[in-house]
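Asker: Residue numbers for the sequence shown follow our numbering, beginning at 1 and rising by one. Ideal placement from N, C-alpha and C gives every residue a C-beta, glycine not left out. Predicted model only: the values in this text are computed from it and were never measured.
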Amino acid sequence: MSFVVAQSHFIFGVRTGVRNNLCFFDEQTVVFPSGNSCVCFNTVQRWQRFISGSERSQGMRAMTISSNRRYLAVSDYGERATVTVFDLQHEQGRKRKVLSAGDMSVQEFICIAFSPDSKYLIGLTGSPEWMLILWLWEKHKLLATLKTTNTNNPVTQVSFNPYNNTQLCVSGTGVFKLFRYSEGALKPSSVAKVESINFLCHTWMSEHRVIAGTDTGRLLVFESGDLRREVSMTCVQGQSARQVEVKKIKDANVDEGPSVPSITAILSYSKGFACSRGPGTVFLFEQTDENGYRKTREIKEDKLHFEFLSQSFHSSSITGLSICIRKPLVATCSLDRSVRIWNYETKVLELYKEFQEEAYSVALHPTGLFILVGFSDRLRLMNLLIDDIRTFKEFTVRSCRECAFSNGGHMFAAVNGNIIQIYSVTSFDNIVNLKGHNGKVCRIEWSLDDSRVVSCGVDGAVYEWNTQSGKRESESVLKSCSYTGVAFSSDCKTILAVGTDLTLKEIQDCQVLREVPADEPAHTALAVSHSGRVVFTGTSSGTVRAIKYPLPIQKEWITYQAHSGPVTKMVITYDDQFLLTVSEDGCLLIWKTIDKEGKGLKSNKHIVHTEEILITKSDLEEKTQHMLEMKMRLEELQMENEYQLRLKDMNYNEKLRELSDNFVQQIESLKTSQQAMKTEMEKQECENQQNSAELIMKHSKELKDLELSYSQKLIVEHEKYQDLQQKHQRMQEDYEKQLKSAEDRKIQAVEELTKMYEAKLQEKAEVLAQCQEDTEQKISVFKAIIKQAEEDEERKILEIQTNYEKKMKTEKQTNTNLKGKNSIMAQKFISLQKQIDDRSADINKLKQERQRLLGLIRSLESDIEDLKRQISGHEKTSQDKDHIISCLKRKNQELEKLKFVLEFQLNELKQKTEPLQHDISVKKERISQLEEELTQTDKSNAQLKLTVSELKLKLKTRDKEMCKESQKVKDLETHLQRLKSDLHNCVGFIQEPKTLKDNIQMIYARYVQQTERVERTNADDTVQKALRHQCDRQERTVNGLKMRLVKSAEEHEKVYTKIMKENMTLIAEINELRKELHLARTQAKDVKAQLALLKKPKKSQPILEEAAYQEPKQLGVS
């Protein structure tokens, strides 16, 4: 069995933090760093060539390309920084040379540059050295080193003079220097005094001129290293014809306010230079004369449409990765709050959407039509539409770090802390909760038949779960290891896991079968091929390892340089053709899995990719309507074009006729003129022949005359020459005599002068000796005076130091005391302010309660009056009481009905508030409906409160009546006791009939009226019992209504809070849509204004008018 090899195929992402990280190799190929390598990307044919970095490198810091576009230099930082030079013309980017700083300990090169002839390479080291190192790189020779500045002034850029190989320019914070390489060393040629200026970039304009950009948005012009003038940036777009004012400046007046955008990049071209000023803004300047520049154009990102060379990438760590079966799609999510859908076959970004929350995990449905994304607030299930990713279901799972669809697509698992929740995709119900992990769950994976799920966590546990029963089938716990990746083998019989213990484990039936030990760094991710031939692992250093399966006993694997950060996720496609890896560096790397022979892997499964896409009905209708409008527009344009073509044909035919007539007339006129010219030519030829003969005769005569005259002149001149020669001989003899006499005189004068000056020298030497003695005496006296002065000054300085130290101590003590007092006062002030705020809040609450209680008192007073009237009715007849009781029963029934209606309305409200509609108009109507229903419920609640207060008052009145009746019963009992005592006394007078009769009459007179009252009370007892029974029933109903009221109020508060939250989200969405509408309107206005400028109606150019007529409509449609 041949071993499987991974080959870098394509990468999505750019490595940030690398200086000059984008270079053009040719018109179609771009070179940029991505992951742990440099990529040559052909933007037309869409292929990539990888130039892998060094294995010991800790990362790239800078890169540059030579002027002949052949060599690429990359600087790597580490314990000993190096610069590697690659040959780009070689197919695999052959490594030519690896340059170092020699014996110096350099950790990084922050900027590198090639010379114009590509022979020399300059490197600038980082802090604190800031050294310039010059190499003759082809011979691997270090030519010179030089320290550019001190630690307080960092350097940002170094560049060669494009017109001179030996001249360099260095710029930075308070640094602008020119250096020249001569006599085997780098020597400063000029140093500008710019201590207060922070230079961010510079460019060479000519052999002696450099333009530099600062952090305060200024363009400074240097001539031969001296600051001469500044190019003003005040020219507004539209005034490009006017020359920009150039003014001379001084070093002291260079600083500006920090509000001005800085110039971050500057580049020269044939006519002038271009510079970037702030985000998304580029200015173009052209040279007007030797010293002046004018701004010709201002390019802004929001006004022009820029196209991506490849596509947009993730700008932060990628946290999620997922693939599907039915489509060649890859889904990724990142901490940059975006979700992206890539096509790994066509190498294109299919869909892209940014969200307000960070995305932690992502899972693609096997059909490729749905996506599950775990955000910081909840888990969302979304539709992948033709041009959008739209949410249609949300789950209350916060910060879901891992989620996965089953292979059948009918279920999905989501991690909620240390719990794995399994949901149904069809009913969205939570089927099973898998509990058992003590720490956060890091990875989950489904088996092929979806009957099992394997999970691993930080707690060092690997569990295998049954998805139907929710029970653990097997487990393996190693508390010293926190697992980061887990996967089933190809036959789903064993489990493979990696973690922080630097081993790859194979687990079966709760036991570790094999362990493959590894060196640093640790494994972070894991992927198993479906053919079961290889296992791929990702590490914390960004490398990828390919390990043969079944696992070997020894350390046998192949390591590939992949990413510049830890590998977070990796997955193999279902046909085993591609390996996909993502990392914290924000890059998605596509690997091609092949044999060692270079052939692709053969999979047993035949996977058919579908081309279906989802689209909403409204979008379809809009597109069909747009198509109809475009068809109508096309027909109209065809009719207009045909009509205009006919008109043009007519016009052109008429013009052709006119031109043919004109040409015929011109030909005839030219023929007549040609004949006339021929006759004139013949005449002129005859005249010329006669004139030439006459001139020849005249010339011969003049020549003869001149020869005679010049011969006579020569004879005369010869005679004069002889006379002058004789005079010259005489003069020479006289001058020789005079010279001899002058020499004799000079010799005598020199001898006299030497004697005079020697005498004077002796005198002066004596004077000098005396002066030296005087000076020595004065110097000794002066030194003594200086010693005394120094001693006095030292004493004074010591006294001043002691005084100032005492003052400093006292001031420090006072300072500390004041600080302590200040902190105490600040705490007191904060506490007092809090108390004031609390008191004001309490006062406001009490005022609100007082107003509410006043309203209740007024309502209760009116209720009391009504109850008084009802009591008077009760005293009149018992029938009225029965009637009131029946009315109360009816009211109770009505309240029960109202409660049922309210519960039904609450259920309807819950059903309405769950699905959010996307159209703003429908949301507004729904909000109004909810507000109306809320007002109704408030009214019903107010009515219920009033009824409860009425019943309470009735109960109080009934209690008073009961007290009165109990007093009556007590009175009757006392009367009965008295009657019994009187009768007992009468029994003693049985033998005396008269006295007995008198006593009985007395008793009759005393108790007959009271007996009548007792009979009446006995008759009223039945009524009172009925009243008591009804009162008890009313009390029970009132208590039940109170409980129901409390429950309904709680439910109402819950519904009200939900509605308020939904209202807030809806208002936020409406505000965002309004902002987008405003932006779209402003863009439409800008487009209309540009079109109005572009439209120049001309009769001779109707085709241009048609194009101008078509463009605004197309823009409006888009």
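1) Expressed to the nearest angstrom, what Euclidean distance is found between the alpha-carbon atoms of Lys353 and Phe32?
2) With Thr216 as the anchor, note down where its beta strand (DSSP E) starts and where it stops.
3) For Val454, which residues in the same chain have their Cβ closer than 8 Å to its Cβ, ignoring the five residues on either side in sequence?
4) For the putative contact between Thr43 and Gln28, defined by C-beta atoms under 8 Å, what is the C-beta separation to the nearest angstrom?
5) Cα separation between Met335 and Leu227?
6) Should Asn161 go down as buried or exposed, given a rule of 16 or more other Cβ atoms within 10 Å for buried?
7) DSSP three-state label for Phe904, please.
8) Once you ignore the five residues that flank Asp215 on each side, which residues in its own chain have a CB closer than 6 Å to its CB?
9) Taking the beta strand (DSSP E) that Pro517 falls in, what are its first and last residues?
10) Under a three-way DSSP split, which group does Leu335 fall into?
11) Take Gln287 as the anchor and find which of Phe273, Glu635, Asn1063, Glu298 has the nearest alpha-carbon.
12) Taking only the alpha-carbon atoms, compute the straight-line gap between Tyr710 and Glu680 and give it to the nearest angstrom.
13) With a threshold of 16 other CB atoms inside 10 Å of the CB of His626, please say whether the residue is buried or exposed.
14) Quick check on Pro993: does DSSP put it in helix, strand or coil?
15) Among Leu1091, Ala1092, Val4, Ala1089, which has the Cα closest to the Cα of Arg1141?
16) Give the DSSP-derived three-state secondary structure of Gln243 in the structure shown.
17) So, under 8 Å CB-CB, Val74 and Trp137 are touching, yes? Tell me the CB distance rounded to an integer number of Å.
18) Going by other Cβ atoms of all chains shown within 10 Å of its Cβ, with 16 needed for buried, is Arg510 buried or exposed?
19) Determine whether the beta carbon atoms of Val535 and Tyr549 lie at a separation below 7 Å.
20) To the nearest angstrom, how far is it from the Cα of Ile857 to the Cα of Ser949?
21) Using 7 Å as the limit for Cβ to Cβ distance, is Lys889 near chain D?
22) Per DSSP, what kind of secondary structure is Gly538 in: helix, strand or coil?
23) If you pair each beta-carbon of the segment 642-655 with each one of the segment 402-415, do three or more pairs fall below 8 Å?
24) Using DSSP with H/G/I as helix, E/B as strand and the rest coil, what is Val608?
25) Suppose you measure from the CA of Val14 to the CA of Phe313; what does that come to, to the nearest Å?
26) From Lys980 to Glu973, what distance separates their C-alpha atoms?
27) Please list the terminal residues of the continuous beta strand (DSSP E) segment that includes Ser8.
28) What's the C-alpha gap between Ile747 and Glu773?
29) Please state if the CB of Ser316 and the CB of Gly565 are separated by a distance shorter than 7 Å.
30) Could you have a look at Val425 and say whether DSSP puts it in helix, strand or coil?
31) Do Val106 and Tyr82 come within 7 Å of each other at the CB atom, strictly closer than that value?
32) Please state if the CB of Arg326 and the CB of Thr367 are separated by a distance shorter than 7 Å.
33) Within 10 angstroms of its Cβ, does Thr203 collect 16 or more other Cβ (buried), or is it exposed?
34) Work out the CA separation of Glu108 and Leu284 for me, nearest whole Å.
35) Determine the closest residue to Arg1044 out of Leu614, Gln991, Glu903, Cys963, with distance taken between C-alpha atoms.
36) Classify Asp1032 as buried or exposed, calling it buried when 16 or more other Cβ atoms lie within 10 Å of its own Cβ.
Answerer: To lay it out plainly:
1) For the purposes of this step, residue 353 is identified with residue 353 of the sequence shown, where counting begins at 1. For the purposes of this step, residue 32 is identified with residue 32 of the sequence shown, where counting begins at 1. Cα to Cα, the separation comes out at about 25 Å.
2) Taking the first residue of the sequence shown as 1, we reach residue 216 at position 216. First-last for Thr216: undefined, no H or E at that position.
3) Residue numbering aside, residue 454 sits at position 454 when the sequence shown is read from its first letter. Cβ within range, chain order: Ile444, Glu445, Ser447, Val462, Tyr463, Glu464, Trp465, Val486, Ala487, Phe488, Ile495.
4) Walking along the sequence shown from the start, residue 43 turns up at place 43. Walking along the sequence shown from the start, residue 28 turns up at place 28. Taking 8 Å as the upper bound for CB-CB distance, Thr43 and Gln28 are in contact here, some 6 Å apart.
5) The sequence position of residue 335 within the sequence shown is 335, counting from 1. The sequence position of residue 227 within the sequence shown is 227, counting from 1. One point to set straight first is that residue 335 is Leu, not Met, in the sequence displayed. Distance from the CA atom of Leu335 to the CA atom of Leu227, rounded to whole angstroms, is 46 Å.
6) As a first step, residue 161 is located in the sequence shown; it is residue number 161 there, counting from the start. Answer is buried; the Cβ neighbour count reaches 16.
7) Stepping through the sequence shown from its first residue, residue 904 is reached at position 904. Here Phe904 sits in helix by DSSP.
8) Working through the sequence shown from its first residue, we reach residue 215 at position 215. A distance below 6 Å between beta-carbons, with the five flanking residues on each side excluded, links Asp215 to the following residues of its chain, in chain order: Asn198, Leu200, Ser262.
9) The count along the sequence shown starts at 1 and reaches residue 517 at position 517. Element bounds for Pro517: 511-517.
10) Residue 335 sits at position 335 when you count from the first residue of the sequence shown. The DSSP-derived three-state label of Leu335 is coil.
11) If you number the sequence shown from 1, residue 287 lands on position 287. Closest option to Gln287, judged by alpha-carbon separation, among Phe273, Glu635, Asn1063, Glu298: Phe273.
12) Looking up residue 710 in the sequence shown gives position 710. Looking up residue 680 in the sequence shown gives position 680. Near 44 Å, if we compare the C-alpha coordinates of Glu680 and Tyr710.
13) Numbered from 1 along the sequence shown, position 626 holds the residue referred to as residue 626. Taking a 10 Å sphere around the C-beta of His626, we find fewer than 16 other C-beta atoms and assign the residue as exposed.
14) Here residue 993 refers to the residue found at position 993 of the sequence shown. DSSP places Pro993 within a helical segment (H, G or I) once states are collapsed to three.
15) Outside the displayed range of the chain (1 to 1118) lies residue 1141, so it cannot be described from this structure.
16) Counting from 1 along the sequence shown, the entry for residue 243 is found at position 243. Low confidence applies here, because Gln243 scores a pLDDT of 37, under 50, leaving its location unreliable; read the following figure in that light. Looking at Gln243 - three-state DSSP - the assignment turns out to be coil, as it is neither helix nor strand.
17) Position 74 of the sequence shown, counting from 1, holds the residue named residue 74. Position 137 of the sequence shown, counting from 1, holds the residue named residue 137. Not quite, the Cβ-Cβ distance comes to about 13 Å (not below 8 Å), so this is no contact.
18) One-based indexing of the sequence shown puts residue 510 at position 510. Residue identity check: residue 510 is Cys in the sequence provided, not Arg. By the neighbour-count definition (other C-beta atoms within 10 Å, threshold 16), Cys510 is an exposed residue.
19) Position 535 of the sequence shown, counting from 1, holds the residue named residue 535. Position 549 of the sequence shown, counting from 1, holds the residue named residue 549. Yes, the pair counts as a contact, with Cβ atoms nearer than the cut-off.
20) The residue labelled residue 857 in the question sits at position 857 within the sequence shown. The residue labelled residue 949 in the question sits at position 949 within the sequence shown. So the two alpha carbons sit approximately 11 Å from each other.
21) As a matter of chain content, chain D is missing from the structure shown, which is built from one protein chain.
22) Sequence index remark: in the sequence shown, residue 538 carries index 538 (1-based). DSSP places Gly538 in the strand class (E or B) of the three-state scheme.
23) No, they do not touch.
24) On the sequence shown, position 608 is the one that residue 608 refers to. In the three-state reduction of the DSSP assignment, Val608 falls in the coil class.
25) Here residue 14 refers to the residue found at position 14 of the sequence shown. Here residue 313 refers to the residue found at position 313 of the sequence shown. Rounded to whole angstroms, the separation of the alpha carbons of Phe313 and Val14 is 7 Å.
26) Position 980 of the sequence shown, counting from 1, holds the residue named residue 980. Position 973 of the sequence shown, counting from 1, holds the residue named residue 973. Lys980 and Glu973 have their C-alpha atoms some 11 Å from each other.
27) Locating residue 8 in the sequence shown gives position 8, counting from the first residue. For Ser8, the enclosing beta strand (DSSP E) covers residues 4-12.
28) Residue mapping note: residue 747 aligns to position 747 of the sequence shown, counting from 1. Residue mapping note: residue 773 aligns to position 773 of the sequence shown, counting from 1. Approximately 40 Å, taken between the alpha carbons.
29) Taking the first residue of the sequence shown as 1, we reach residue 565 at position 565. Taking the first residue of the sequence shown as 1, we reach residue 316 at position 316. Not closer than 7 Å, so no.
30) Translated into positions along the sequence shown, residue 425 becomes position 425. It is coil, neither helix nor strand.
31) The residue labelled residue 82 in the question sits at position 82 within the sequence shown. The residue labelled residue 106 in the question sits at position 106 within the sequence shown. According to the sequence shown, residue 82 is Thr rather than Tyr. No.
32) Stepping through the sequence shown from its first residue, residue 367 is reached at position 367. Stepping through the sequence shown from its first residue, residue 326 is reached at position 326. The answer is yes: Cβ separation under 7 Å.
33) As a first step, residue 203 must be located in the sequence shown, where it is residue number 203. Burial call: buried.
34) Here residue 284 corresponds to residue number 284 of the sequence shown, with the count starting at 1. Here residue 108 corresponds to residue number 108 of the sequence shown, with the count starting at 1. In this structure, the alpha-carbon of Leu284 lies about 34 Å from that of Glu108.
35) Position 1044 of the sequence shown, counted from the start, is the residue given in the question as residue 1044. When each option's Cα is compared against that of Arg1044, the closest is Glu903.
36) Within the sequence shown, the letter at position 1032 stands for residue 1032. Within a 10 Å sphere around the beta-carbon of Asp1032 sit fewer than 16 other beta-carbons, which makes this residue exposed.
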